[in-house]
Amino acid sequence: LELVTEGTGSGGTMVYSLSKDDPTDPYLEEIPTGFNAGVYTVYYKVKGDDNHSDSGVGEVEVTISPKTVKDPTIELFDGNTPLVNYIYDGNKKEPEVVVKDGSTVIDKGEYNTVYSNNRNAGTATVSITDKPGGNYTVTGSATFVIEKANIVFNPAPTAANITYDGKAHELLVPGKTSGGEVWYALNSPTTTYTAAIPQATDAGTYTVYYKVVGDKNHNDLTVRPVPVSIKRKPLTAITIELTS
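When you line the sequence shown up against our numbering, it's residues 9 to 252, in that order.
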């Protein structure tokens, strides 16, 4: 932007500079221009001709005000890909932010970016505010979704290795889950579930059902069966007594 309108001088040529006495910024006929918002001082004088000497130096202060963007477009990206949703993994999510004034991309150095509620499943927010002394007055926000993760077992529950000994034993070796709480039922998927692993004493075949009740960051895991056998105790010594 030209910082001043062209002036005229009698007996010479009007010249301008952005520095009053700096020899590296000489007075020129071209009107000085400014790009960034800020306060500029334009110095001017009439450069005399063969019959006139130079005039004294005058000055005028010029302000380029920041542009106010009332309704910026805020676009979110996961790397170079437009963001859809994230899946919860325990880490904070900070998508790339592109702010536009219409179709013009605003430089990232013009604004601050703040993320909130961006670790757990739910709706997260990214907010932008302009930096002092910049070229834009711009504020706004956008939201993105962190979806619940599916339950993952590592390892999954497995059948316990049990041989009958007259005592009650837990029928499963519990697994390790990524989240939620594991509940168990014995022999029927529709019976009452409890947090305790089912136990049994007698030799035979059983089915233990387990499911996971998800938490705020994990989906429920549907019912899964595990067949379990308590083996019969082998006879190692037999005594036969005869009676008369």
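For each residue, glycine too, the CB sits at the ideal point set by N, CA and C. Model, not experiment: these values are computed from the prediction.
Beta carbon of residue i nearer than 8 Å to that of residue j
i: Val107; j: Leu84; result: no
i: Arg127; j: Lys156; result: no
i: Val70; j: Val54; result: no
i: Gly222; j: Gly183; result: no
i: Tyr119; j: Ala132; result: no
i: Ala45; j: Gly130; result: no
i: Leu194; j: Tyr218; result: no
i: Thr166; j: Val220; result: no
i: Val190; j: Tyr144; result: no
i: Phe179; j: Ile159; result: According to the sequence shown, residue 179 is Leu rather than Phe. No, these two residues do not count as a Cβ contact at 8 Å.
i: Phe152; j: Leu229; result: no
i: Thr238; j: Ile154; result: Note that residue 238 is Ile in the sequence shown, not Thr. No; because the gap between Cβ atoms is not below 8 Å, this pair is not in contact.
i: Ala168; j: Val236; result: yes
i: Pro103; j: Val134; result: yes
i: Ile136; j: Gly148; result: yes
i: Gln207; j: His226; result: no
i: Gly17; j: Ser61; result: no
i: Asp109; j: Pro80; result: yes
i: Ala150; j: Ile72; result: no
Residue(s) in a DSSP beta bridge with residue i
i: Phe152; result: Ala132
i: Leu250; result: Its beta-bridge partners do not exist; DSSP assigns none.
i: Thr76; result: Thr145
i: Lys219; result: Trp191
i: Leu36; result: Tyr24
i: His226; result: Ala157
i: Val181; result: Thr166
i: Val137; result: The question names Val, yet the displayed sequence has Thr at residue 137. Paired residues: Asn120, Thr147.
i: Pro90; result: Phe85
First and last residue of the uninterrupted beta strand (DSSP E) at residue i
i: Asp86; result: 81–86
i: Gly56; result: 46–56
i: Leu6; result: In the structure displayed, the chain extends from 9 to 252; residue 6 sits before or after that span and is not available.
i: Ser124; result: 119–124
i: Asp109; result: 104–109
i: Ile114; result: First-last for Ile114: undefined, no H or E at that position.
i: Ala203; result: Segment: none, Ala203 is in no beta strand (DSSP E) and carries neither H nor E.
i: Leu194; result: 189–194
i: Glu67; result: 66–72
i: Gly20; result: 20–25
Spatial neighbours of residue i in its chain, beta-carbon cut-off 6 Å, leaving aside the 5 residues before and after
i: Glu67; result: Thr49, Tyr51
i: Gly15; result: Met22
i: Glu10; result: Ile39, Thr41
i: Val161; result: Before going further, note that residue 161 is Phe rather than Val in the sequence given. Within the same chain, Phe161 has close Cβ partners Gly183, Thr185.
i: Pro197; result: Tyr217, Val231
i: Val47; result: Thr71
i: Ala164; result: Gly183
i: Gly87; result: none
Residues of its chain near residue i, where Cβ-Cβ distance is below 8 Å and the 5 sequence neighbours each way are ignored
i: Asn59; result: Gly19
i: Leu36; result: Val23, Tyr24, Ser25
i: Tyr96; result: Asn128, Ala129, Ile154, Glu155, Lys156, Ala157, Asn225, His226
i: Asn125; result: Thr131, Ala132, Thr133
i: Ile114; result: Val77, Pro80, Val107, Lys108, Tyr144, Val146
i: Tyr272; result: This structure does not reach residue 272, given that the chain is present from 9 up to 252, and the question cannot be answered.
i: Pro74; result: Ala45, Asp138, Gly142, Asn143, Tyr144, Thr145
i: Asp57; result: Gly19, Gly20, Thr21
Other residues of its chain near residue i: CB distance less than 7 Å, five sequence neighbours each side excluded
i: Tyr201; result: Trp191, Tyr192, Ala193, Lys219
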